[in-house]
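Numbering (the UniProt record's numbering), first residue to last: 1 to 307.
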């Protein structure tokens, strides 16, 4: 027991509960602080105050690791659904009494040119407008957890634990594409052999380290080394370096390449990228019907590009 306080007379702060749930989800005070975009001392302070308010220990704090106590596990089961219900109720209240609101959307930069117009066209009747934010998956996921974004569109990561605690909806699946110059000898191939790709120099993204590692891992699992000679923060920057003859790069199947460049799939049918929409569970900001509309728009755009 921590301090003998009558919990019937204590008002429990929803903010402290949110901080507690972030630590319970990550089992790490530092990562919880990053997710909530507050300082680590503030996270520790809020959890300690919640423990005093409730009169029990919620975490075992051991060197190098944090573990939930039985009381902590019990609070996760009860507080988690309650807070999600509160968020959904507030979101629905705002829609009913304030009409459509602006939708806050996070996008990887490689998805912006094709996906942003579809978002606006698909949802113009449901929301007053769309606010777009670009960034790496780790940054966008932090902002989503912190309530700064309503939905994030990205590729399904090789490490699914990076999206723990979030709802993931699959929108589309397409082959991995390699961007190369039109006059490159490999452009004569309908599909590109991995052994030939390993013999080339490569341009990789610098902003999204996770995406970069996902791509490099495709070489590693085949026992191949990859020579990375340049980096760029955006896909357009990567493509410009390809056009300059620096090397090859992986291109998003949902983006355009400019004149002088072409794209080809690899010779492995299982090489795919999955486009997903990520949101907080229970949020009413993104009704399922809106995602279904976008899914149909993406499918139609794919059919048009292949015709």
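Glycine included, each C-beta is placed from N, C-alpha and C at the ideal position.
- For the set 178, 140 and 171, the Cα lying nearest the Cα of residue 106 is the one of 140.
- Assignment of residue 85 by DSSP, reduced to helix, strand and coil, places it in the helix class.
- Contact between the stretch 180-188 and the stretch 144-161 is absent: fewer than 3 CB-CB pairs across the two stretches fall below 8 Å.
- Taken through DSSP and simplified to helix, strand or coil, residue 129 comes out as strand.
- Counting the other CB atoms within 10 Å of its CB gives residue 87 a total of 16 or more, which places it among the buried residues.
- Under DSSP, residue 154 takes part in a beta bridge, and its partners are 276.
- Taking 8 Å as the upper bound for CB-CB distance, residue 249 and residue 203 are in contact here, some 4 Å apart.
- Counting every other CB atom within 10 Å of its CB across the protein chains shown gives residue 229 a total below 16, marking it as exposed.
- Residue 238 and residue 118 do not touch by the CB rule: their CB atoms are close to 22 Å apart, not below 8 Å.
- Within the stretch 201-238, complete beta strand (DSSP E) segments of at least 3 residues are found at 201-205 and 227-232, given in chain order.
- Remark: three or more beta-carbon pairs, one from each stretch, lie closer than 8 Å, so the stretch 108-117 and the stretch 243-257 are flagged as touching.
- Between the C-alpha atoms of residue 217 and residue 193 there is a straight-line separation of about 16 Å.
- Measuring C-alpha to C-alpha distances from residue 45 to each of 17, 163 and 196 identifies 17 as the nearest.
- Beyond the five residues adjoining it in sequence on each side, residue 120 comes within less than 8 Å, by CB distance, of 130 in the same chain, given in chain order.
- Every alpha helix (DSSP H) stretch that sits fully inside the UniProt domain "HTH lysR-type" (12-69) and reaches 4 residues is listed by chain position as 14-26, 29-36 and 40-54.
- When DSSP states are grouped into helix, strand and coil, residue 117 belongs to the helix group.
- Beta-carbon to beta-carbon, residue 24 and residue 76 are separated by about 5 Å, close enough to satisfy the 8 Å threshold.
- For residue 107, the enclosing beta strand (DSSP E) has its first and last residue at 102-107.
- Partner residues in a beta bridge of residue 256, as assigned by DSSP, do not exist.
- When rounded, the separation of the alpha-carbon atoms in residue 240 and residue 247 is 10 Å.
- In this structure, residue 34 sits away from residue 210, with a CB-CB distance that is not shorter than 8 Å.
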